[in-house]
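Taken in sequence, the protein lines are chains H and U.
Each number in the numbering used here corresponds to the 1-based position in the first sequence with 381 added.
Each number in the numbering used here corresponds to the 1-based position in the second sequence with 131 added.
In what follows, a structure is listed as structure tokens, so that the remarks can point back to it.
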Amino acid sequence: MTQIKTGISILALAMLATACSPPAANDGSEVASNPPPSREGLAPGLYDAEEVSWNVELVHAERTPEAFAPDNAMWAPAVEMALMQAMQNGEEVERPPSPISFANTDLAFSGDRVIMGNWHGFNVFETQDDSSVEHVLSVVCPGGQGDVSVHGNLVFRSVEDNRGRLDCGSGGVEGESSAERFRGVQIFDISDMNNVRQVAAVQTCRGSHTHTVVPDLNDPSVIYIYNSGTSSVRPSSELEMCSGGEPEQNPDTALYSIDVIRVPLATPEDAAIVNRPRIFADHETGEIAGLWRGGQLEEEAQETSVTNQCHDINVYPEMGLAAGACSGNGILLDISDPANPARISEMSDPNMAYWHAAIFNNDANKILFTDEWGGGLGARCRAEDPETWGANIIADITENGLEGRAIFKIPNTQSAVENCVAHNGSLVPVPGRDIIVQGWYSGGISVIDFTDSNNPFEIAFFDRGPLDSEQLFLGGNWAAYWHNGLVYAPEIVRGLDIFRLLPSEYISENELAAANLIRFDEANTQTQMRFEWPDEPVVALAYVDQLTRSGAMTDAMADTVRSAVNAGSAGDDLLSSLSAAAEGAEGADASRFRALMEWFG
Amino acid sequence: MQIKLVRSRAIGLGMLAATALSVSVGQPAFAQQAPIVQPGAPGENSRALTREQSLELGQSSYIEADARFMQHMIVHHGQAVDMGALVEGRSRNEGVRLMAERIALTQESEIAMMRTWLTRRGESTEMQGHHGHHMNHQMDPNVPIMPGMLSPVQMDALAASSGAEFDYLYLTGMILHHQGAIDMVNELLSQPGAGEDPELSEFLSAVVADQSTEILRMQNMLARQG
Chain H
382 MTQIKTGISI LALAMLATAC SPPAANDGSE VASNPPPSRE GLAPGLYDAE
432 EVSWNVELVH AERTPEAFAP DNAMWAPAVE MALMQAMQNG EEVERPPSPI
482 SFANTDLAFS GDRVIMGNWH GFNVFETQDD SSVEHVLSVV CPGGQGDVSV
532 HGNLVFRSVE DNRGRLDCGS GGVEGESSAE RFRGVQIFDI SDMNNVRQVA
582 AVQTCRGSHT HTVVPDLNDP SVIYIYNSGT SSVRPSSELE MCSGGEPEQN
632 PDTALYSIDV IRVPLATPED AAIVNRPRIF ADHETGEIAG LWRGGQLEEE
682 AQETSVTNQC HDINVYPEMG LAAGACSGNG ILLDISDPAN PARISEMSDP
732 NMAYWHAAIF NNDANKILFT DEWGGGLGAR CRAEDPETWG ANIIADITEN
782 GLEGRAIFKI PNTQSAVENC VAHNGSLVPV PGRDIIVQGW YSGGISVIDF
832 TDSNNPFEIA FFDRGPLDSE QLFLGGNWAA YWHNGLVYAP EIVRGLDIFR
882 LLPSEYISEN ELAAANLIRF DEANTQTQMR FEWPDEPVVA LAYVDQLTRS
932 GAMTDAMADT VRSAVNAGSA GDDLLSSLSA AAEGAEGADA SRFRALMEWF
982 G
Chain U
132 MQIKLVRSRA IGLGMLAATA LSVSVGQPAF AQQAPIVQPG APGENSRALT
182 REQSLELGQS SYIEADARFM QHMIVHHGQA VDMGALVEGR SRNEGVRLMA
232 ERIALTQESE IAMMRTWLTR RGESTEMQGH HGHHMNHQMD PNVPIMPGML
282 SPVQMDALAA SSGAEFDYLY LTGMILHHQG AIDMVNELLS QPGAGEDPEL
332 SEFLSAVVAD QSTEILRMQN MLARQG
């Protein structure tokens, strides 16, 4: 476990080798202590790699559908070896497809459907009662990275690859400029599974690496898409609105902005860019590249760095906020007017190479940012890699804006043939705690409690061996998302992993049952929705478990509260003791006492 | 104490596991039932595909310029690693040291990735006309091997400096060096048919994103240095 306060030099870090430990269990529950297994040296394999898990169970592994799984893909080590041998012997060989051509990427959820993006298109699965899924549709449209979102029957998809074509064909496009090239956000209508139609293709200057669906809470007839392009700027000969360069030379540069696309839901074919806001501009001078050049070069901004694009933007419409992970900075945006996002605060940190993703906690008073050092293609969780790089950083949202707290990275015990870095995840809706489940590529999935911003700790994980023992083949869990009681984790090569969290000394049956009460009919992983737990007994019992675990509530008091919860009401004596206890408690425990009182109220 | 728990496999996957080996060498275990659809351009109809047609559409190619770009970039990245190796004992600036360590580690691992890309395609990992040392004798030491690199004279000056002078030479040199990499990407992409291999396309985006971030960060450090 590695979690270290930021702002300390690497040298000091070495001396601080004794990392913090999770709080000891103290709830007298029957779940026995279960030390984490080693993730080191797991045996390789495509479908038979060694697996370890801790406090989580793999309930189903759905293989990548056949139409997206060539037998001779380069990630099949046996094929690879034979091919290399043949090439060395000077034989003419037919080259198998590039492994990334069929890589699975992000997920979106709609009704009982799970939509999994892929460099080659996307696949749709239907969830079954036994926690498995049935594959129901493959849509082919080559061009990565293929992140998906959904709204009703509309599927949105990001394309950044240079070979992307407007007609979903292959073979690339001719010339530097071509009207046939497509790089941007595609919109498909999947209401007729046998005749999926592309209804719009919104071209953007830097392609679409990923995007975010933003509902307009005041107007249900439209949604907005925030698009993040990270590639080089297309020439104006191909797309007239585009030109590159630094703002001093070209005030219209396509750098230093994001794209806001408006989608009228009745006529999605009219989707179009309506704004390219300068969210990095200096508030006082208006300078476009404001995050690094304007007024911030003085002492306290000593690590201020720079930014000309966002990678992921997580929006939280009910809070009117968005968190942007924007290459050199983490930023906080006001999106109360969704067509005109405006920056509220920004932060930087010397440990962060490339701000990649951001997730609010449910109360929106903190953000977990991730650093995708190396872009996900490389092995960055080896023993020799710094344990503060390619990690998560927790930031509190304070009166002074964003303030960095602790850093968390899974142990650096992955091998040199496993691509690994912090990647995408979502909250696990346990009341009274901030918990995230997250994919780390070939580092597997990890569940972290970050209720205390200064002391995040791991409570569950799953890890699988590499694809091959000799060479690095791109693989692993692109992401892990909690949805309606299960964790869905796309695996780049192998398919879709489905997990169930298990009760342990770090999470109780009641807490998991309370999390299972949160249900969403439609969910996009970058569009956060507020969890509001119903007044079920398990919710109150979850708080009791947390308070006894931390030691803030005695076993005797816990027994009294449990009886009152089961009876459905509390006497005045109990309510006043809870009130007194809330007064005497701090932080999360104080909130839990208050939540209990409200539950009885 | 750590106890190693090894999961064998999820219940119900036994059958799939048994066929795993054969699948990886070319025997589909079962036929896909779900429709495979290729949409047309916006407004056009879609068409149904077979599995083979789908897989065929995933074939991508590369052109000679792509392979040459990778060969050149390996040499280019190699100098960034060499520059990083000079930091120890010369710089006293923690920010510069961190930046240099990160750049060296990153570029080292990208070199490995580029070599793999070339090897898997049966291409040489060597830049044409550049076989390490034996081309140096015919070169002007004031001229770098390629644009966007430091010349041998500049590398010598960097090696001979220390303290604030080293930091200045390192930062200005690395900014030039990174800008050279971005220029190489833009030059490649201006050629018809280049950069269409998806792995390469992803790498090109990563180079542009990471290195432009680092350039601006280093410019910021220089501005603070005054």
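We put the beta carbon where it would ideally sit given N, CA and C, even for glycine.
| Query | Result |
| --- | --- |
| Neighbour-count burial assignment, residue 836(H), 16 or more Cβ in a 10 Å radius | buried |
| Inter-residue Cα distance where the pair is residue 447(H) and residue 478(H) | 14 Å |
| Sequence ranges, beta strand (DSSP E) only - wholly within the region 855-884 of chain H, length at least 3 | 860-864, 867-872 and 876-882 |
| Whole-number beta carbon distance between residue 570(H) and residue 580(H), since they are thought to touch under 8 Å | 5 Å |
| 8 Å Cβ cutoff, residue 574(H) in contact with chain U | yes |
| CB contact flag (residue 586(H), residue 552(H), <8 Å) | no |
| Short-range partners of chain U found in the region 720-735 of chain H, where Cβ spacing is below 8 Å | 731, 734 and 735 |
| Residue range of the beta strand (DSSP E) that includes residue 697(H) | 693-697 |
| Residue-level contact to chain H via CB, residue 312(U), 8 Å cutoff | no |
| Residue 607(H), enclosing beta strand (DSSP E) - first and last residue | 603-609 |
| Any C-beta of chain U under 8 Å from that of residue 543(H) | yes |
| Per-residue DSSP class, three states only, for residue 992(H) | The requested residue 992(H) does not occur in the structure, where chain H is confined to residues 382 to 982. |
| Within the region 884-952 of chain H, ranges of the beta strand (DSSP E) (whole runs, at least 3 residues) | 903-905 |
| Contact set between the region 596-617 of chain H and chain U, restricted to residues whose Cβ is under 7 Å from the partner | 611, 612 and 613 |
| 7 Å CB neighbourhood of residue 209(U) in its chain, flanking five on each side removed | 242 |
| Cβ shell of residue 167(U) (< 6 Å), same chain only, five flanking positions each side left out | 180 and 185 |
| Contacting positions in the region 204-231 of chain U - beta carbon closer than 8 Å to chain H | 225, 226 and 229 |
| Local conformation of residue 162(U) per DSSP, three classes | coil |
| Assigned exposure category for residue 466(H) - 16 Cβ within 10 Å defines buried | exposed |
| Proximity test, Cβ basis, 8 Å: residue 872(H) and chain U | no |
| Segment limits, beta strand (DSSP E) that includes residue 434(H) | 432-435 |
| Inter-residue spacing [alpha-carbon to alpha-carbon] between residue 175(U) and residue 578(H) | 7 Å |
| Rounded Cβ spacing between residue 825(H) and residue 844(H) (contact assumed at less than 8 Å) | 4 Å |
| Residue 526(H) versus residue 304(U) - alpha carbon distance | 33 Å |
| Spatial distance of residue 407(H) from residue 450(H) (CA atoms) | With a pLDDT of 45 at residue 407(H), under the threshold of 50, the modelled position of that residue is not reliable, and no figure is offered here. |
| Sequence-distant residues of the same chain with beta carbon closer than 6 Å to residue 504(H), five excluded per side | 446, 497 and 519 |
| Residues bridged to residue 710(H) [DSSP beta-bridge criterion] | 707(H) |
| Within-8 Å CB hit, residue 483(H) to chain U | yes |
| Counted within 10 angstroms of its Cβ, other Cβ atoms place residue 980(H) as buried (16 or more) or exposed | buried |
| C-beta neighbour in chain H for residue 242(U), strict 8 Å | no |
| Residue closest to residue 644(H), alpha-carbon to alpha-carbon, out of 591(H), 830(H) and 653(H) | 653(H) |
| C-alpha gap between residue 817(H) and residue 731(H), whole angstroms | 24 Å |
| Burial state of residue 223(U), where buried means 16 or more other Cβ atoms lie within 10 Å | exposed |
| Coarse secondary structure for residue 353(U), derived from DSSP in three states | helix |
| Beta-carbon separation (whole angstroms), residue 203(U) vs residue 277(U), contact threshold 8 Å | 6 Å |
| Residue(s) in a DSSP beta bridge with residue 634(H) | DSSP, once it has assigned bridges, lists no residue as partnering residue 634(H). |
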